[in-house]
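Protein sequences appear in the order of chains A and B.
Letter by letter, the first sequence follows residues 1 to 407 of the working numbering.
Letter by letter, the second sequence follows residues 1001 to 1322 of the working numbering.
From the three backbone atoms N, C-alpha and C, an ideal C-beta is built for every residue, glycine too.
First comes the structure, then the notes that go with it.
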Amino acid sequence: MFPSPDSKNLLPIIMPQLGESIAEATIVRAAFAVGDRVEADTDLLEVETNKAVMGVTAPCGGLLRELTATIGESYAVGSTLGYLEISDEDAERLGLHDAPPTPVEKPKRKKSSGNDHSGQAGKTVAPTVSGLPVPAHAGGASFLSPRMKARMAELGLHAADLAGVAGSGAGGRVTIDDLERFLQDLERNTISPASSMRVAVADAMRRSWTRPLATVVLPVQLDTLLAHRKRQAVKAGPALYALRALSFALSEMPTTAGRLIGDRVIHPRSIDIGFAVEAEDGVLVPVIRHADQFPLVDLVERYNRLVELARARRLPGSDTGGSIATITNYGVFGLTMATPIPLPEQSLLLGMGAGRITPAWDPEKKAFVPVTEAQFTLSFDHRVLDGGAAGRLLQRVAGLLGSPEEL
Amino acid sequence: MSSITYLEAIRLAQQRALAEDPRVFIYGQDIGGFGGAFKATKNLAKEFPGRVLDSPISEDAMVGLAIGAAIEGMRPIVEMQFADFSTCGFNQIVNQAATLHYRTGTPCPLVLRLPSGGTPGSGPFHSQSMEAIYAHYPGLIVMTPATVEDAYTMLLEAVALDDPVIFCEHKFLYYHLKADKFPAEALPFGKARITLPGRDATVVAYGAMVHEAVAAAGELASDGYEIEVVDLRTVRPIDTDTILASVARTGRLLVVGEAWPWGGVAAEVITRVAAEGFGLLDAPPQRLNAKETPVPYHPALWGTHRPTASSVAHSLRQLLEL
Chain A
1 MFPSPDSKNL LPIIMPQLGE SIAEATIVRA AFAVGDRVEA DTDLLEVETN KAVMGVTAPC
61 GGLLRELTAT IGESYAVGST LGYLEISDED AERLGLHDAP PTPVEKPKRK KSSGNDHSGQ
121 AGKTVAPTVS GLPVPAHAGG ASFLSPRMKA RMAELGLHAA DLAGVAGSGA GGRVTIDDLE
181 RFLQDLERNT ISPASSMRVA VADAMRRSWT RPLATVVLPV QLDTLLAHRK RQAVKAGPAL
241 YALRALSFAL SEMPTTAGRL IGDRVIHPRS IDIGFAVEAE DGVLVPVIRH ADQFPLVDLV
301 ERYNRLVELA RARRLPGSDT GGSIATITNY GVFGLTMATP IPLPEQSLLL GMGAGRITPA
361 WDPEKKAFVP VTEAQFTLSF DHRVLDGGAA GRLLQRVAGL LGSPEEL
Chain B
1001 MSSITYLEAI RLAQQRALAE DPRVFIYGQD IGGFGGAFKA TKNLAKEFPG RVLDSPISED
1061 AMVGLAIGAA IEGMRPIVEM QFADFSTCGF NQIVNQAATL HYRTGTPCPL VLRLPSGGTP
1121 GSGPFHSQSM EAIYAHYPGL IVMTPATVED AYTMLLEAVA LDDPVIFCEH KFLYYHLKAD
1181 KFPAEALPFG KARITLPGRD ATVVAYGAMV HEAVAAAGEL ASDGYEIEVV DLRTVRPIDT
1241 DTILASVART GRLLVVGEAW PWGGVAAEVI TRVAAEGFGL LDAPPQRLNA KETPVPYHPA
1301 LWGTHRPTAS SVAHSLRQLL EL
């Protein structure tokens, strides 16, 4: 019995999946006869498995066109038991005339081990950061263990303190044992407590040094400045001359004293310049605020007062901090040259070496003449400015020092 | 008195429980006249008539009956023939026994004895370690005695507790472990034991793995390492304090379990140490478990499937070198 060639919408009646382990079922009873109209969700046939009697249900209404199954026979799950003639809408809805899906190429699977977490092979993902190295054995790479960090925090130690510790762990890692042995070993030396000043300076210098710092040097002739100073009733120290010169130079090129935070240059708000004063076993930095706005003669008394306060360690909080550059006169120690370290929150440190009488070539006289010369150094954060800008700034300071009456 | 085996300790504990408390009875397959598949109830049916009863081969029915008896005021000990088959009664254990007191206020003083762990040739259905599965459920207590003394005292403790106890006795230890006598006192319930004090690394283990860990520690002692071995004794509750104190001493942790790694006891211990004792760790915590396959039957395969003294020693060396 074949379906009539006129019928388009013949929906096969399929033996359904009746239970997880059921492979076939026996037709017990046909609820309808060929030619009957049936409604959706009515049972067309009763089938029996070894567990229960169940129904084969019409998925939609239609005309029972044909029953190919025989009562009392067993048929496999998925086999066709007959045909239902259905409407166009139902045929559309049930996809009766859709082309069968093309078989999907199954990806080759290696023998299942139960451990396969890698997912499907083949599709590669382009990394967003090319060339990012991934440690081959993440567990053993060099690191500061949580215990190390906790112990270092407890003792107020930084990685800088551990520079002298050889690590015995994987990759040269400093283990907690290495640290404890190191600390125990230190006990064999004489130990004295560091003053809070010492610890504060150590911390500031450690933080400052995390930046790339560089220094440029310029010899400056001081004769004009020294002559000017001799004529004054109230005498300013050389450092104060330099401070005023720097303040002018910075007001002309303020970004040289800027700070680089990420990809932004933070401009200074006002030309506040600090100067280093030795106090006990450390350094304090009093500040002249708005140094560009006061002539030299007006600053002398304030400067001297600040030096006194700093030396006595009675410097008020309002007179320290917030400067944009610092002057340091290491010449008072007889040093001709130095590479001091700028404060961690600043990019510039102008240093002055000791003045010495030294021969300089005079092109007019065509002879060497004695001049008083000091090396001026500019130490700077190389992220903020390069040698050229540093050099230009230093040259401008030197030039201004040649016209001390303007300061 | 000749030395007592781990199995004999269990038998003696049951004998004492039966003698001291008329509410106690034992229920299991072949435990009556036959004395049990492993002879854990040998002669007890004779000594205590009507209180050591054979059950049908239905773990579901066995546990269900026991829960019912517990509700009626009895204190049943149910012997599963193998831990692996306890899953046939899983619903009764985790849905009924574990929740009974929470839901009804009625305690469920049930002891479920699970012969656990592998022996050569026992295969996938006679070798499993089920601690992690049951420890997952609030309401259950999970015990894993590793010594003859603990097998005795902890079984008595389990009978005395009003909570359902999963008593994971290790088959491999039945005849291998011997002791001369029982202690007068036992460690308090829920406390782990420092089986071996050490300094360089901590191994946390339970059941038969405690002995593998001790043997591994012996191997490393010849290299100058002092390994501390912690015997959990109970898996639920876990004695986190003792474990953290040990890691505080050593800074390095290896957890060894005979069961599979996924969501196991080792994973639980490491999570607790990482979360609560992060600052104690000088190296990433490590675990060593059975290989991720069903337990093999073939003795040669079985020999490489679970952690052994040498694989524990190997893991320890790697940990110490981190």
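- When DSSP states are grouped into helix, strand and coil, A:Phe376 belongs to the strand group.
- For A:Phe275, the uninterrupted beta strand (DSSP E) run begins and ends at 273-275, by DSSP.
- In this structure, A:Arg244 sits away from A:Ala310, with a CB-CB distance that is not shorter than 8 Å.
- Cα atoms of B:Thr1104 and B:Ala1098: separation of roughly 11 Å, rounded to the nearest angstrom.
- Pairing B:Pro1120 with B:Phe1082 gives a Cβ-Cβ distance that is not under 8 Å.
- With the criterion set as a beta carbon lying under 8 Å from some beta carbon of chain A, the members of the region 1270-1281 of chain B are Phe1278, Gly1279, Leu1280, Leu1281, in sequence order.
- Separation of A:Ile271 and A:Leu393 (C-alpha to C-alpha, rounded to the nearest whole angstrom) is 15 Å.
- For A:Arg181, the nearest beta carbon of chain B is not closer than 8 Å to its own beta carbon.
- Against A:Met148, the close residues of chain B are Asp1282, in the order they occur along the chain (beta-carbon pairs closer than 9 Å).
- Nearest CB-CB separation between B:Gly1224 and chain A: not below the 8 Å threshold.
- Annotation: the continuous alpha helix (DSSP H) that includes B:Glu1157 extends over 1148-1160.
- Counted as a single uninterrupted DSSP element, the alpha helix (DSSP H) harbouring B:Thr1240 occupies residues 1240-1250.
- A straight line joining the alpha-carbon of A:Leu246 with that of A:Leu179 spans about 46 Å.
- Interface annotation, A:Ala170: in contact with chain B, CB-CB separation under 8 Å.
- Burial of B:Trp1260 is indicated by the presence of at least 16 other C-beta atoms within 10 angstroms of its C-beta.
- For B:Leu1322, the closest Cβ of chain A is nearer than 8 Å.
- Against chain A, the beta carbon of B:Gly1218 has no neighbour under 7 Å; the closest one sits roughly 22 Å away.
- Per DSSP, B:Leu1110 lies in no beta strand (DSSP E) segment and is marked neither H nor E.
- Per DSSP, the continuous alpha helix (DSSP H) segment holding A:Phe182 begins and ends at 176-186.
- B:Pro1145 and B:Ala1151 have their C-alpha atoms some 5 Å from each other.
- Here A:Leu407 is near A:Tyr241, since their CB atoms are less than 8 Å apart.
- Selection B:Asp1163, B:Thr1304, B:Asp1084, B:Leu1320 evaluated against A:Arg173 yields B:Leu1320 as nearest (Cα-Cα).
- Unbroken alpha helix (DSSP H) runs of no fewer than 4 residues, entirely contained in the region 287-374 of chain A, are found at 296-311, following chain order.
- For A:Phe248, there is no enclosing beta strand (DSSP E); the enclosing alpha helix (DSSP H) covers residues 238-252.
- From the beta-carbon of B:Gly1251, the residues of chain A found nearer than 7 Å are Arg147, Ile176.
- B:Leu1196 and A:Ala204 have their C-alpha atoms roughly 48 Å apart.
- With a threshold of 16 other beta carbon atoms within 10 Å, A:Lys365 falls short and is exposed.
- With respect to the C-alpha of A:Gly167, the residue from A:Asp185, A:Phe143, A:Ala374, A:Gly237 having the closest C-alpha is A:Phe143.
- In the structure shown, B:Asp1231 falls within a strand segment according to DSSP collapsed to helix, strand and coil.
- If one requires a minimum length of 4 residues, the alpha helix (DSSP H) runs lying completely within the region 1045-1119 of chain B are 1059-1071, 1098-1104, in chain order.
- For the pair B:Pro1022 and B:Val1165, the Cα-to-Cα distance works out to about 19 Å.
- When the alpha-carbon of A:Leu186 is set against those of A:Ser195, A:Ala200, A:Val165, the nearest one is in A:Val165.
- In the three-state scheme derived from DSSP, where H, G and I count as helix and E and B as strand, B:Gln1286 is classed as strand.
- Assignment of B:Thr1195 by DSSP, reduced to helix, strand and coil, places it in the strand class.
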